[in-house]
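In what follows, a structure is listed as structure tokens, so that the remarks can point back to it.
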Amino acid sequence: MVHTPWLDFEQKINTYRVQDNMFIERNRIFNSADFGITYGGNIGPAMDKKFLKEVNGAMPGKYVSYVVGLFNGGGYSGEENNNNKVLSGRLSVRPFTNKLPELHISGYFNVGRGNSEYNPKFNQLLGFIAYTGKQLTLTGQMHSGIGDFRGEYVDENDFSKAIENDGYSFFGEYKIKKSPLALWARYDSFHLETLDDANTKRFIGGLSYTVNKYLRLVLNAEHNNKTSNENNIYELNLEVSF
Numbered sequence: 025m026v027h028t029p030w031l032d033f034e035q036k037i038n039t040y041r042v043q044d045n046m047f048i049e050r051n052r053i054f055n056s057a058d059f060g061i062t063y064g065g066n067i068g069p070a071m072d073k074k075f076l077k078e079v080n081g082a083m084p085g086k087y088v089s090y091v092v093g094l095f096n097g098g099g100y101s102g103e104e105n106n107n108n109k110v111l112s113g114r115l116s117v118r119p120f121t122n123k124l125p126e127l128h129i130s131g132y133f134n135v136g137r138g139n140s141e142y143n144p145k146f147n148q149l150l151g152f153i154a155y156t157g158k159q160l161t162l163t164g165q166m167h168s169g170i171g172d173f174r175g176e177y178v179d180e181n182d183f184s185k186a187i188e189n190d191g192y193s194f195f196g197e198y199k200i201k202k203s204p205l206a207l208w209a210r211y212d213s214f215h216l217e218t219l220d221d222a223n224t225k226r227f228i229g230g231l232s233y234t235v236n237k238y239l240r241l242v243l244n245a246e247h248n249n250k251t252s253n254e255n256n257i258y259e260l261n262l263e264v265s266f
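The sequence shown begins at 25 in our numbering and counts up one residue at a time.
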């Protein structure tokens, strides 16, 4: 059981997993771990250790970082239902390492089949840009593909025919200087090419209070559009990390 190449990376930038899944997993495209193998590293030297510790350590390479993997395709909670393997990979680049190391651009792909006996296509492309500063974090991502890892996004009349899907998500966090408080927000838009042209839009935002390096309180609200079949959410989370 190993991390897949994308979500482990994103969750080091958008650290509010305690609220709910990241955008791509929330919409059931793929999840964060699977049975398989991964290999990753840097092209060129590693980033300065002080920067990785004090600013953000999601991308360890000074210039380029990469991860590739080959997986069963059913995710961490699913049995393998066919003989297909899913090939996935992430490539991240700092275009202005010396002048703007906080900026990095990433691409992700997977090629394979959904984890069902019908073997529907499961191909995805994702683009991501992030600014990870000490106080301000901003990200934007877009994805486009066909199918999903479970083989659920299929034509009800032909289970081997996967459904096209696309979407985008934006995230931002501002850590108030010399304060344990931070403001954060996220906006998701996901489109599934079904007969009823399903669209899901959600806005999530809130306030966090860092007690110490182990404890954080997260107060947030989530608003979902009427077609998403999800309720609005208001919650207070206690995050314990070690």
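Think of the CB as a built atom: it goes at the ideal place given N, C-alpha and C, for glycine as much as any other residue.
No experiment lies behind these values; they were computed from the predicted model shown.
Taking C-beta separations shorter than 8 Å and ignoring five residues to either side along the sequence, the partners of Tyr63 in its chain run Val91, Val92 and Gly93, following chain order.
Here Asp32 carries a helix assignment [DSSP, helix/strand/coil]. Residue state for Glu78 is assigned as helix, using DSSP reduced to three classes. Between Gly97 and Gly136, the C-beta spacing is below 7 Å. Secondary structure note for Ile48: its alpha helix (DSSP H) is the uninterrupted segment Phe47 to Arg50. Taking 7 Å as the cut-off, the Cβ atoms of Tyr132 and Leu111 do not count as close. Taking Gly138 as reference, the option from Ser116, Ala154 and Gly171 with the minimal CA-CA separation is Gly171.
Under the three-state reduction of DSSP output, Lys158 falls in the coil class, being neither helix nor strand.
Counting only the Cα atoms, Asp72 lies some 9 Å from Gly85.
By the Cβ test, the region 169 to 188 is not in contact with the region 124 to 131, since fewer than three Cβ pairs between them sit closer than 8 Å.
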